[in-house]
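Let me begin by presenting the structure, written as structure tokens, before commenting on it.
2 protein chains.
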Amino acid sequence: MPDLVYRGGAFHADTAVEVDAGAGRILRVGPVADLASPGAAVERLEARALLPGFVNAHSHAFQRLLRGRTQWRPASVPHADFWSWREAMYAAALALSPEDVYHVSRFCFLEMLRAGYTAVGEFHYLHRDPDGRRYDDPLELAQRVVAAAAEVGIRVALLNVCYAAGGIGKPLLPEQRRFATPELDGFLDDSAVLLEAYAKESLLTIGLAPHSVRAVPRDWLKELHAWAGRRELVLHMHVAEQAAEVEECRAAYSKPPVELLAEEGVLDTRFTAVHATHISLEEAARLGGAGAGVCACPTTERDLGDGILPAEELVGAGAALAIGSDSQAVIDPFEEMRLLEYHERLRRLRRVVLTEPRNGRLEVAPALMHAGTAGGARALGIDAGRIEPGALADLVAIDLAHPSLAGWSADTLAAMLALSAPAAVVTDVWVGGRRRIEQGRHAAEAEAAAAFRRVAAQLALP
Amino acid sequence: MPDLVYRGGAFHADTAVEVDAGAGRILRVGPVADLASPGAAVERLEARALLPGFVNAHSHAFQRLLRGRTQWRPASVPHADFWSWREAMYAAALALSPEDVYHVSRFCFLEMLRAGYTAVGEFHYLHRDPDGRRYDDPLELAQRVVAAAAEVGIRVALLNVCYAAGGIGKPLLPEQRRFATPELDGFLDDSAVLLEAYAKESLLTIGLAPHSVRAVPRDWLKELHAWAGRRELVLHMHVAEQAAEVEECRAAYSKPPVELLAEEGVLDTRFTAVHATHISLEEAARLGGAGAGVCACPTTERDLGDGILPAEELVGAGAALAIGSDSQAVIDPFEEMRLLEYHERLRRLRRVVLTEPRNGRLEVAPALMHAGTAGGARALGIDAGRIEPGALADLVAIDLAHPSLAGWSADTLAAMLALSAPAAVVTDVWVGGRRRIEQGRHAAEAEAAAAFRRVAAQLALP
């Protein structure tokens with residue numbers, strides 16, 4: 002029993018959480034006196050508050066290798082941008098063996114657990130070998146990612162990426178050859194095999210991910226959406242991350258990306274638009290009206306110079322926000338959450354933008370915490386992100402004695418966490434009821450870090 | 002001897018640092034074989050890199066009490082901003098006893114040390130008692146701040162604030178009564194007493210701080226500048242944090258703040274403009290041309306909805322950037338540094354904006370590290386922020402085995418730290434050669450936190 006439990010948008014004292022270890026779900030939540038069977042052991046989590054685990058709804062795990070390696074430009078180049086960064090990213094993608102993919106993903110997932118993420122949506126587009134050939138087992142690399150997640154114990158939604166073009170109506174670039182899914186039927190067949198193979202995994206779900214309007218032909222979208230819909234799978238897509246994508250889309254289809262997706266019937270509550278930095282207000286209304294999700298990745302969007310998504314309009318229109326660590330420049334759900342609000346403050350030059358009503362006023366913290374937990378769970382189609390009976394037992398304990406939280410009260414703690422605290426406040430993390438981080442440490446940390454370092458040391462980038 | 006030492010904008014191996022403990026300064030830097038006297042003890046800092054201590058050039062320590070307490074608005078208020086935040090800040094300022102000021106400042110300074118700040122410029126404007134009367138000892142509260150810094154061992158530049166008006170040509174507001182310095186002569190007399198009283202303190206310097214063009218009459222500026230200049234003191238001033246200040250200044254003086262300061266002859270290399278979020282490009286050029294410093298406080302500027310300063314133009318024009326934790330919403334020099342760059346990326350939608358030439362290319366990390374260390378030291382007028390013989394021995398050790406740094410090399414470590422790492426990488430901190438943080442802990446932490454909590458618990462805010 003922790004000192005405080007975050008539930009229904011606020012912290013509550015005298016609340017214990019009982020977990021069904023077999024099912025990996027929360028069994029009961031309530032006053033300890035009501036819950037504990039006589040003589041049952043109650044774990045006293047001293048000076049701890051318990052939160053739902055954070056959900057990282059958009060990740061490219063292998064990009065963890067790029068950290069610190071793209072923060073420069075040649076003196077001859079007047080400025081760097083997303084597109085020059087992408088060259089380094091492609092070089093990394095081309096360099097990795099299946100074993101490398103495993104080791105990099107494993108360490109990256111471990112770093113996520115340590116920061117308080119209990120689930121990750123892995124937007125997986127590494128399919129082929131470095132020469133662009135299919136592996137003998139076409140799911141070779143997907144399996145490596147899944148194995149990496151299982152090894153460290155993070156819940157994963159493998160978002161199988163469809164990637165067919167190097168731009169609208171353009172062939173793939175040579176450096177995109179590992180991503181290639183040139184035929185829709187083949188892609189769906191592979192996806193069916195994935196679904197079948199992992200149907201019984203308790204920590205794994207599958208989703209579909211048409212990469213973007215740049216990389217997927219318009220006439221595939223309906224079928225991808227229908228295929229996913231029949232199986233109740235989530236559908237994720239990069240949308241309007243860069244102005245150039247919007248321009249290309251307008252030039253080819255005479256409409257911006259979200260309008261195109263609406264026309265193809267893709268927008269619904271199982272759809273998540275990733276980024277949405279360059280959408281119009283009409284498109285924000287369209288996403289909201291469809292009840293779609295929007296996954297912001299603000300630590301990446303600031304790093305890549307993507308820009309700021311119109312979060313206030315999206316939420317106002319009814320879209321559900323989620324967060325993602327994307328390029329792994331930073332892995333910290335607290336920072337990711339607060340940037341949703343802080344980037345809006347910088348854009349609008351006012352405070353307290355994203356709010357939910359609480360205690361007779363409008364509070365920022367519940368809105369941000371919702372995006373970091375339940376919003377992400379919704380995007381990945383998992384019943385997590387809330388401490389309620391029946392939900393998955395994905396939980397995070399934080400250290401109430403951490404200096405960044407000094408002065409907390411039950412009323413201010415959520416705001417301190419959402420706006421001010423570092424991920425270093427996280428002490429313990431449970432996924433499906435099983436503790437994977439204990440006192441800030443993961444049992445596999447030394448080995449996983451050593452293997453990651455070996456891959457990083459071998460990687461040469463331009 | 003650590004694994005790596007940050008010196009001259011890059012990390013170097015096989016480098017030891019010898020400290021003169023009596024003088025609190027660095028004595029020698031070089032290969033360990035050259036330095037160690039035969040038989041001398043060499044402290045081996047295993048898996049550590051050594052950096053110059055970070056300098057927090059703009060702080061209001063008592064505002065640490067506001068953390069988590071202003072992240073909401075009444076449902077009836079359409080939006081919150083800097084000015085509504087200021088009401089809560091004034092309420093906190095009015096509530097504190099001298100003992101409270103000591104306890105809050107002490108804990109806040111301790112939190113800074115733990116994050117890697119070795120020096121702080123405390124922009125001190127709490128002068129009078131809660132009724133607006135002078136204390137029997139007019140320096141009562143200044144002494145509490147100084148004692149708090151001395152107790153935890155952080156180096157402090159006490160920036161004595163001059164605050165005479167509630168707006169240009171307007172009387173002070175009732176809630177500004179504790180800040181009042183109604184007469185210039187009286188303010189300078191108090192400053193002279195401060196200088197005299199603390200002349201021999203090794204960890205303390207004094208500077209002058211006309212609060213802003215809002216709060217200080219134009220015809221005081223020349224004399225304040227001359228008085229500071231004769232004593233070689235630094236002069237700090239809030240400049241153009243909010244658009245309303247610029248409008249008020251234009252209305253009263255027909256020119257914006259920096260133009261006014263230029264006309265009054267205040268701009269020089271000892272001057273630091275704090276914020277500068279709403280300056281024009283001409284004013285940026287003016288600050289740069291004078292060789293002035295500019296202290297950005299981006300974690301506060303995003304929290305208060307102030308906006309983004311034109312960092313690229315300022316640096317291009319010759320201004321020296323520094324960082325400050327200001328309102329203490331976040332205390333993390335790494336986050337503060339990276340936001341200088343990241344806010345520019347969000348504003349310009351491109352990458353790699355603030356750079357220094359290194360290794361035949363333009364790198365972001367040295368520019369950010371410079372702002373976080375040497376730039377701040379320059380703003381405070383102290384010889385720190387660099388690991389060189391003769392400089393103050395203010396040093397920070399970071400944990401090279403921290404997960405956020407996995408995959409580092411000597412070439413990428415600075416970029417990982419400046420753009421990606423949390424303050425949790427800091428393990429040990431020395432000020433004037435004396436270790437104040439050891440393995441992430443300060444000896445006074447429990448006691449200081451308990452006293453802080455007592456003050457926080459008593460504070461009622463609107």
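Residue numbers (the working numbering), protein chains in the order written: chain X, 2 to 463; chain Z, 2 to 463. Glycine is no exception: its CB is placed at the ideal position from the N, C-alpha and C atoms.
Taking the C-beta atoms as reference points, Arg115(Z) is found nearer than 9 Å to Gly441(Z). Looking at the DSSP output, Arg156(Z) sits in a beta bridge with Ala120(Z). DSSP, read as helix, strand or coil, puts Ala148(X) in helix.
Counting along the chain, the unbroken alpha helix (DSSP H) around Glu249(Z) starts and ends at 244-254. Restricting attention to Glu313(X), Lys256(X), Ala227(X), Cys298(X), the CA atom closest to the CA of Phe272(X) is found in Ala227(X). Neighbourhood of Glu112(Z) in chain X, by CB distance below 8 Å: Pro404, Ser405, Ala407, in chain order.
Of the residues assessed, Pro183(X) falls on the exposed side of the cut-off, its CB having fewer than 16 other CB atoms within 10 angstroms. Residues of the same chain with a CB within less than 8 Å of the CB of Arg346(Z), apart from the 5 flanking positions on each side, are Arg352, Val354 in chain order. Distance from the CA atom of Ser192(Z) to the CA atom of Glu123(Z), rounded to whole angstroms, is 14 Å. Interface with chain X (9 Å Cβ-Cβ cutoff): Ser421(Z) is included.
By the Cβ test, the segment 308-324 of chain Z is in contact with the segment 279-286 of chain Z, since at least three Cβ pairs between them sit closer than 8 Å. Contact between the segment 75-91 of chain Z and the segment 104-120 of chain Z is not established, with fewer than three Cβ pairs separated by less than 8 Å. Close to chain X, meaning a Cβ-Cβ distance shorter than 7 Å, are the following residues of the segment 64-98 of chain Z: Leu66, Arg68, Gly69, Arg70, Gln72, Trp73, Arg74, Pro75, Ala76, His80, Ala81, Asp82, Trp86.
Put simply, the CB of Gly54(Z) is far from chain X, with every gap to its CB atoms at 9 Å or more. Neighbours of Asp333(X) across chain Z, judged by C-beta separation under 7 Å: Pro423. If you compare the alpha carbons of Pro172(X), Ile27(X), Ser85(X) with that of Leu305(X), the shortest gap goes to Ser85(X). In the displayed model, Tyr199(Z) falls within coil according to three-state DSSP, outside both helix and strand.
With contacts defined by Cβ atoms closer than 9 Å, Gly325(X) and Ala297(X) form a contacting pair.
Not one beta carbon of chain Z lies nearer than 9 Å to the beta carbon of Leu341(X). Per DSSP, the continuous alpha helix (DSSP H) segment holding Glu284(Z) begins and ends at 282-290. With contacts defined as CB atoms closer than 9 Å, Ala422(X) and Ser405(X) qualify as a contacting pair. Using beta-carbon distances, Ser410(Z) counts as an interface residue toward chain X, with a partner under 9 Å.
Within the same chain, and ignoring the five residues on either side of Arg251(X) in sequence, the residues whose Cβ sits closer than 7 Å to its Cβ are Pro257.
In this structure, the straight-line span from the alpha carbon of Ser213(X) to that of Ala58(Z) is close to 45 Å. For the options Lys223(Z), Thr71(Z), Val456(Z), the alpha carbon positioned closest to that of Cys109(Z) is the one of Val456(Z). Here Leu315(X) is buried: its Cβ has 16 or more other Cβ atoms, across all protein chains shown, within 10 Å.
In the three-state reduction of the DSSP assignment, Trp431(Z) falls in the strand class.
For the segment 129-150 of chain Z, the set of positions with a beta-carbon nearer than 9 Å to some beta-carbon of chain X is empty. In its chain, beyond the 5 residues on either side, Pro311, Glu314, Leu315, Ala318 have a beta carbon closer than 6 Å to the beta carbon of Ala285(Z). Chain-order list of chain X residues neighbouring Pro358(Z): Ala76, by C-beta distance under 9 Å. In this structure, Ala274(Z) places its C-beta atom within 9 Å of the C-beta atom of Val240(Z). With fewer than 16 other CB atoms across the displayed protein chains lying within 10 angstroms of its CB, Asp35(Z) is exposed. Positions of the beta strand (DSSP E) runs, each at least 3 residues long and wholly inside the segment 388-455 of chain X, are given as 396-400, 427-432, 435-439 in order along the chain. Closer than 9 Å to the CB of Met338(Z) there is not a single CB belonging to chain X.
One thing to note: Gly187(Z) has its Cβ no nearer than 9 Å to the Cβ of Val430(Z). Scanning its chain for C-beta atoms nearer than 6 Å, with the 5 sequence neighbours on each side dropped, one finds around Asp101(X) the residues Val456, in chain order.
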